[in-house]
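Residue numbers (UniProt numbering): 1 to 628.
Reading through the structure tokens given below for one structure.
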Amino acid sequence: AQTRLNRALHSPSVDSMGMRANCGAVLLFRLLRIGLAEPLPPAFAKQLRCPFARVWLEHGPERAAEMLGVAPHTPSGRQLGLDPLANGTGSGGGGELPRCLIGPGVFGAAHQMGYSLGYSNCPGTPAQKSPYAWPLRWTAIVEQKDVTFRSDVVTYETHAKVWYMLDKNWKRMDTFYQRGVERDMGQLPCESHGNSLVNGTTFACNRTNSANTTMLHRNNRIVFIEWATNGSIGSCWWLNAGVLGNVRPDWFMDDRGDSTGVQYLGDSHVYYLGEPRLVKQWRKKDFADQYHTMSMQRLPGADGIHWPLILNAPGEGYGDDFLVHWHSHRVLNESEASEFWLDEAYIRSGGSCPERAPSRDVAAPTDQSPQVPGNLVVEPIAWHESVYTASPVWTPPASPEANDGGSAAMAQDVDTGISATSCFDAATSTLRLSLAIQTASPTWAAIGFRRTEDCLMVPRGGGDGEIVYMAPDANDAYEVYYGPLSPDLQRMQGAAIRNFMRRMTPVRDAASFVSSSAGYSNGALVLSFFRTYTSMPAVFNLSYALGADRSIGYHKRSGCFAVTPVACPAVCLLAQGSGVARQQGGGAQHQGSGDHSQPTSGARLPGPPWVAVFALCFIFVQLAQPRC
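Now the structure itself:
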């Protein structure tokens, strides 16, 4: 499951869901407290919160990219934010420059790959050539106001000027106004720059006296500049953001990436700068099960552009919700590219702008921190998935419901390339679950059982989680285990891994499991099991993780999903009760009832939902057989 490390940042240049600007405040929090030469400027408090921060901190961006199954990565000495990458592998050879790459896992839901050279009308994407995607090159004034849970009172306000050249994977943000109390976990120390603690807690900080700052994000490089009172650069440093690039212009319109979803809302009138304005709206769900609402200008002006106007963004458990609006938009031209290179001009004039590397000796904060309540939590009754982009090129795939007159209720798409099939046998109080994951090679995988709706690897209050874990041997034969998931495993250190495996029990020996099966074939990893319960839960809150290789380590994909109990099909119950269906060649032999039958020649195949039912039943019946 995506942990609270996946909550993302909150700043006046809100880019998108979960990644509220560029990297992770969790990472920032650790950098601030582990001996960097200078404190960070206050305006950067929400510039750095990123998924997989722990991996970056302990191993650096290049090794972290490899561990997370991300490619390409930049070789030593290569700085993509300073000079172009030679090719898509980062090897420095010839070849086509990489473009249109999106970040791995949850990053991809909103962000470009850090090593991508830009994003523009990318072929094969749902929003290709959509008039409602963000413009590629533009600048505007952006204003943000924060509100607390169940309150309409503004507690914090900030103004900035934001610049984008998304076709180059570049961004700039100049913050020139902050006022009020910023409430955010992992923010900068209040003691710097005349700020003060509120009620003695580091969670709330009075930011009224903060200095002007500039942030530059070019590909995988993020530069932080703080301005002196005389208008000169007072300090400058940069950070390697690894796989994390800028927002992609179509982030709010599609459901690509992990643990996300989108809901097209259509047109609506809103008040914008005090006047009615017609907008087209989308809601984008993140891994925290909270949502952003993006309002795009419906009726373009003389420039013919549908500008971003308003964004309502959640606090994602780390801070307050906030409302953003942009105004004074204009298009940028190529001659203004130098505006994104202030650091290089400063260095040429004799200034210094060093890199600050993360520590390898500390781990990021755990999931045990209390969650900040928010107002923008997904309500199942008010949410449905609908991808609409107004693209003149893209054709959405046919919906299964359109072909079968009603989908099988026990089949669901968990995420891109991941599907689950389930049912609940009330007679035996047994959950029957099968999870299929598309992956290029055999790797470890796991299904977690969550006690609450929180998408966490381990319980918020402490203690172990519980998972079903599968891993292949050298011959690609899988063994399936059940056992506890300790919070210590999040560090992925040798002792924690050994302890994890020591506590695992083969599923065949676990008391609550009837049977299991796992295997890899034709690019799909399938894990199936029966698990008994004392009574039927109202919902099964589950999570999944897919490893980067065969042995337990950092996952390259993970997320959460829920299964609502649905009665197992009668045909499946009959197969189990009256006999066992066993496939042999082109026919079927039914054992136990004394009845033998063969398929009728030329018979019409059952429709799509029944195909799924029969396939599922076959899996379940096979699982039900005794194993030697």
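Positions of the beta carbon are idealized from the N, C-alpha and C atoms, including for glycine.
Contact between Phe322 and Lys284 does not hold, since their C-beta atoms are separated by about 15 Å, which reaches or exceeds 8 Å. Distance between Met165 and His329, taken at the CA atoms: about 14 Å. The beta strand (DSSP E) runs lying completely inside the segment 237 to 297 and spanning 3 residues or more are 244 to 247, 261 to 272, 275 to 285 and 291 to 297, given in chain order.
Boundaries of the beta strand (DSSP E) around Met173: Trp170 to Arg183. When C-alpha distances from Thr439 are compared across His111, Gln290, Phe561 and Ala548, the shortest belongs to Ala548. Within the same chain, and ignoring the five residues on either side of Leu299 in sequence, the residues whose Cβ sits closer than 7 Å to its Cβ are Leu278. The beta carbon of Pro314 is closer than 6 Å to those of Gln290, Asp321, Gly374 and Leu376 in its chain, skipping five residues each way along the sequence.
Following the DSSP letters along the chain, one finds Met165 inside the beta strand (DSSP E) bounded by residues Val154 to Met165. Closest in C-alpha terms to Val372, from the list Asp184, Pro126, Thr443 and Tyr482, comes Asp184. Contact between the segment 244 to 259 and the segment 120 to 131 is established, with three or more Cβ pairs separated by less than 8 Å. In the DSSP assignment, Phe449 is bridged to Glu466 and Leu542.
Between the segment 146 to 161 and the segment 411 to 429 there are fewer than three C-beta pairs closer than 8 Å, too few to call the two in contact.
Spatial neighbours of Val223 in its own chain (CB-CB distance under 6 Å, excluding positions within 5 residues in sequence) are listed in chain order as Leu216, Trp238 and Asp343. Take the alpha-carbon of Cys568 and the one of Ala518: they are about 21 Å apart. In chain order, Leu101, Ile102, Gly103, Tyr119, Asn169, Gly245, Asn246 and Arg248 place their CB closer than 7 Å to the CB of Gln112, counting only its own chain and leaving out the 5 sequence neighbours on each side. Take Asp476, set aside five residues on each side of it, and the residues of its chain with a beta-carbon closer than 7 Å to its own are Pro442 and Tyr520, in chain order. With contact defined as three or more Cβ pairs closer than 8 Å, the segment 345 to 360 and the segment 219 to 236 are in contact. DSSP, reduced to helix, strand and coil, places Asn522 outside both helices and strands of the structure shown, so it counts as coil. Beta-carbon to beta-carbon, Ala390 and Val563 are separated by about 34 Å, too far to satisfy the 8 Å threshold. In this structure, the alpha-carbon of Leu332 lies about 12 Å from that of Arg172.
Inter-residue distance for Met492 and Ala241 is about 21 Å (C-alpha atoms, whole angstroms). A Cβ-Cβ contact shorter than 8 Å links Ala445 with Leu546.
Tyr264 is the residue among Arg99, Tyr318, Tyr264 and Ala471 whose C-alpha sits nearest the C-alpha of Ser386. Taking C-beta atoms as the reference points, Arg557 and Asp258 count as a pair closer than 8 Å.
The DSSP-derived three-state label of Gln490 is helix.
Between the segment 484 to 503 and the segment 460 to 473, the count of Cβ pairs shorter than 8 Å is three or higher; the stretches touch. For Asp343, there is no enclosing beta strand (DSSP E); the enclosing alpha helix (DSSP H) has its first and last residue at Leu342 to Arg348. The Cβ-Cβ distance between Arg137 and Gln178 does not fall below 8 Å.
Residue state for Glu143 is assigned as strand, using DSSP reduced to three classes. 8 Å or more divides the Cβ of Phe540 from the Cβ of Val507. Restricting attention to Tyr533, Pro565, Ala495 and Thr534, the CA atom closest to the CA of Gly553 is found in Ala495.
The Cβ-Cβ distance between Ala127 and Val142 does not fall below 8 Å. Around the beta carbon of Asp267, a 10 Å sphere encloses fewer than 16 other beta carbons of the protein chains shown; the residue is thus reported as exposed. Around the beta carbon of His325, a 10 Å sphere encloses 16 or more other beta carbons of the protein chains shown; the residue is thus reported as buried.
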